[in-house]
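Each remark here refers to the structure printed beneath this line.
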Amino acid sequence: MSCRAVSRTQPSPTARGPELCRPELWALPLGPLPASRQDAFQAAYIGIEVLIALVSVPGNVLVIWAVKVNQALRDATFCFIVSLAVADVAVGALVIPLAILINIGPQTYFHTCLMVACPVLILTQSSILALLAIAVDRYLRVKIPLRYKMVVTPRRAAVAIAGCWILSFVVGLTPMFGWNNLSAVERAWAANGSVGEPVIKCEFEKVISMEYMVYFNFFVWVLPPLLLMVLIYLEVFYLIRKQLNKKVSASSGDPQKYYGKELKIAKSLALILFLFALSWLPLHILNCITLFCPSCHKPSILTYIAIFLTHGNSAMNPIVYAFRIQKFRVTFLKIWNDHFRCQPAPPIDEDLPEERPDD
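Rendered as structure tokens:
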């Protein structure tokens with residue numbers, strides 16, 4: 087008998103042990119729905135996930151392609167954007183298929199399920215660190231415009247990107263090093279009279295410790311970087327407004343043009359940060375509720391919405407680039423005309439006029 091069936095009929099589970107039958111350990115609890123409604127709900131979930139993946143993967147591949155073909159998109163900021171796009175491609179191509187697999191709930195060994203659950207942690211951390219690197223880069227552009235190119239070299243940008251990915255793997259793979267739910271699962275497995283490595287219904291919260299997700303992942307590696315980025319962008323906007331008002335010369339010799347362009351790009355990248363926070367905070371808040379209030383009821387629909395937001399965030403960034411950053415928009419159109427409409431467009435003007443900073 088499955089844990090889900092036991093939980094509906096008995097207040098004290100016996101078949102799989104108490105730890106495996108705690109309601110808060112279910113990653114996507116469907117609740118006591120009729121089988122037909124559960125099937126329809128699951129089909130809708132899979133359909134939405136597939137749609138997100140079909141938008142995310144081509145959109146972010148297009149971002150990477152645009153940076154490759156347009157020399158004007160080769161500075162450090164856009165290199166960090168490429169790193170962010172790589173993470174978003176992986177969300178659509180890897181994490182979403184794994185999420186669908188977890189939703190189906192196959193029977194697997196504990197560590198196999200743990201390996202399936204860790205990629206999303208790695209890619210989330212990579213996205214956060216890429217956003218932080220972008221924020222620091224924009225700050226340096228407005229704080230030291232005359233020395234920026236001497237400080238932020240391509241080599242240093244590459245080292246920063248590599249460092250972000252290495253750190254992301256360390257943080258995301260921490261559950262593989264022991265901070266997981268194996269002890270609780272083993273106790274339940276042994277109480278059932280079974281031996282060997284536990285075989286479980288693979289679900290995220292069965293293998294990933296909520297203490298890890300809240301105390302380490304959220305309180306150390308998500309929330310502080312987000313707050314730091316907010317402070318950095320506030321300082322960036324303050325410096326830009328100050329320079330625009332004072333009309334101080336910049337490297338371009340035209341402060342209105344230089345700082346106006348910086349303001350426009352900073353607004354677009356701050357919007358990316360806002361969308362990331364809006365997409366990921368609900369799920370982390372639900373994790374906090376799971377840890378600090380185990381008896382609290384979490385409606386299934388809220389869990390699904392939170393998961394859709396986290397995955398959907400990977401599809402948002404290319405849309406923002408297309409509407410907010412002219413160099414991306416023009417390059418996207420050129421790629422479309424050259425490779426999909428077979429109507430070669432004229433070469434890209436690398437010194438495109440920028441939109442008004444107040445747009």
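Using the numbering used here, the first residue of the sequence shown is number 87, and each one after it goes up by one. Even for Gly, the Cβ is constructed at its ideal location relative to N, Cα and C.
- The shortest C-alpha to C-alpha distance from R241 to any of V281, P183, R160 is the one to R160.
- The way I'd put it, the region 349-369 doesn't touch the region 243-260; fewer than three beta-carbon pairs between them come closer than 8 Å.
- The three-state reading of DSSP puts V285 in strand, counting E and B together.
- The straight-line gap separating the alpha-carbon atoms of W422 and F378 is approximately 50 Å.
- The shortest CA-to-CA distance from I186 to any of L419, I411, I393 is the one to I393.
- Between Y345 and I326, the gap from beta carbon to beta carbon is short of 7 Å.
- Around the Cβ of D223, a 10 Å sphere holds 16 or more other Cβ atoms; the residue is buried.
- The closest CA to that of L215, considering only V237, V172, R227, L268, is found on V172.
- In this chain, the alpha helix (DSSP H) harbouring Q211 covers 196-229.
- Judged by DSSP in its simplified three-state form, I411 adopts coil rather than helix or strand.
- The alpha helix (DSSP H) runs of length 4 or more contained entirely in the region 252-318 are, from start to end of the chain, 268-277, 290-293.
- DSSP, reduced to helix, strand and coil, places Q193 within a strand of the structure shown.
- Taking the CA atoms as reference points, W307 sits about 21 Å from L320.
- Just measuring C-alpha positions, the residue of T239, D174, Y301, A221 sitting nearest S212 is D174.
- Taking a C-beta distance under 7 Å as the contact criterion, L137 and F196 do not qualify as a contact pair.
- With fewer than 16 other Cβ atoms inside 10 Å of its own Cβ, K154 counts as exposed.
- In this structure, V181 lies near V206, with their beta-carbon atoms less than 7 Å apart.
- At the C-beta level, W251 and Y298 stay beyond 7 Å of one another.
- For the pair L395 and S365, the CB atoms are nearer than the 7 Å cut-off.
- Put simply, of F409, Q342, H383 the residue whose alpha carbon is nearest the alpha carbon of L330 is Q342.
- For C250, the three-state secondary structure derived from DSSP is helix.
- Between G178 and P404, the CB-CB gap reaches or exceeds 7 Å.
- Rounded to whole angstroms, the Cβ separation of M262 and C204 is 6 Å, and the two are in contact under 8 Å.
- Collapsing the DSSP output to three states places L232 in coil.
- By the criterion of a C-beta distance shorter than 7 Å, L209 is surrounded in its chain by A173, A176, V177, V181, once the five residues flanking it on both sides are discounted.
- In the DSSP annotation of this structure, the continuous segment of the alpha helix (DSSP H) that includes H370 starts and ends at 341-378.
- Taking C-beta atoms as the reference points, V238 and L253 fail to come closer than 7 Å.
- Collapsing the DSSP output to three states places H383 in coil.
- Per DSSP, the continuous alpha helix (DSSP H) segment holding L170 begins and ends at 162-176.
- Taking 7 Å as the cut-off, the beta carbon of N156 is found no closer than this to the beta carbon of T376.
- Rounded to the nearest whole angstrom, the C-alpha separation of L140 and A162 is 28 Å.
- Selection V228, A221, E135 evaluated against A246 yields A221 as nearest (Cα-Cα).
- Beyond the five residues adjoining it in sequence on each side, I134 comes within less than 7 Å, by CB distance, of F394 in the same chain, given in chain order.
- For the options I230, A130, A219, the alpha carbon positioned closest to that of A244 is the one of A219.
- 7 Å or more divides the Cβ of V228 from the Cβ of V149.
- In this structure, the alpha-carbon of F290 lies about 43 Å from that of R427.
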